[in-house]
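Just so you know, we're using this note's numbering here: the sequence shown kicks off at 348 and counts up by one.
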Amino acid sequence: VETAIAQSIDGFEGDTQKAVRLGVRAGVLDVMYTDGLEGQPTWDGTYQWVSSSKEAQLERDLAGFIQEFSAMPNRWPGIPLWNEGEHQHEQLMRSLEGPVGILLGSAGTGKTFTAAKVIEAVRDAKKSFAIIAPTGKAAVRLTEALAEIGVNERAVTAHSKMGFDGVAFRRSISEEFLFVDEASMVE
């Protein structure tokens with residue numbers, strides 16, 4: 348962690364451990380430990396993450412929401428199989444194991460195509476759903492990408508869906524299914 352901090356601050360030659368401790372004490376940095384596969388390994392086999400306090404709190408909040416929703420019943424309709432690749436099939440099956448589905452993969456691996464198939468199945472099962480993206484540009488691009496695949500559904504921004512007026516969100520999401528594109532960009 349200290350090496351990464353020193354490398355990110357051009358010319359920094361100070362005590363990086365002290366800098367991290369001061370950042371944590373000042374409330375601008377947060378340190379989290381997980382048993383995940385990424386991050387900086389610590390002496391006890393856990394992994395250490397350093398981030399801004401705001402981002403760390405958002406991560407904890409999101410993890411809490413996912414944990415809360417994961418306790419709900421699984422309501423995914425039957426998803427018809429198509430001639431997907433092995434990677435897509437594996438990701439699809441993993442994402443639909445519980446009530447919260449998360450499609451992972453690098454660019455070009457078929458996440459949008461796979462999500463479109465799930466959206467089609469939800470629509471065909473007559474379930475209510477919304478498709479949101481973090482920005483207007485992302486919503487337009489997602490709508491275009493879905494149309495190219497043959498799914499004519501419109502994505503909107505999370506802010507417009509929930510009626511953000513510049514101060515607060517004025518509407519809750521009432522749909523049974525929520526598809527969020529580029530979730531890593533959402534704050």
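Built from N, CA and C at the ideal position, the CB exists for glycine as well.
Close beta carbons around LEU489, own chain, < 6 angstroms, minus the five adjacent residues each side: ALA480, ALA502, ASP528
Through-space distance from ASP362 to GLY448, alpha-carbon basis: 43 angstroms
Work out the CA separation of LYS365 and PRO446 for me, nearest whole Å. 43 angstroms
Note the first and the last residue of the continuous beta strand (DSSP E) segment covering ILE413. It is not in any beta strand (DSSP E) - ILE413 instead sits in the alpha helix (DSSP H) that spans 400 to 417.
Strand pairing of ALA480, partner residues [DSSP]: Answer is THR504.
Cα-Cα, which of ALA485, ALA492, ALA403 is closest to LYS464? ALA492
Suppose the cutoff is 8 angstroms on Cβ atoms and the five residues either side in sequence are ignored; what does the same chain contact list for MET509 look like? PHE516, ARG517, ARG518, SER519, ILE520
Please tell me whether VAL469 and PHE416 are closer than 8 angstroms, where the distance is taken between their beta carbons. no
Helix, strand or coil for VAL527 per DSSP? strand
Please name the residue, chosen from MET419, GLN435, GLY411, ALA477, that lies closest to SER453 on a Cα-to-Cα basis. GLN435
Can you tell me whether LEU369 is buried or exposed, with buried defined as 16 or more other CB within 10 angstroms of its CB? exposed
Segment limits, alpha helix (DSSP H) that includes GLU433: 433 to 442
First through last residue of the alpha helix (DSSP H) which encompasses THR456: Counting along the chain, THR456 falls outside any alpha helix (DSSP H), and DSSP gives it neither H nor E.
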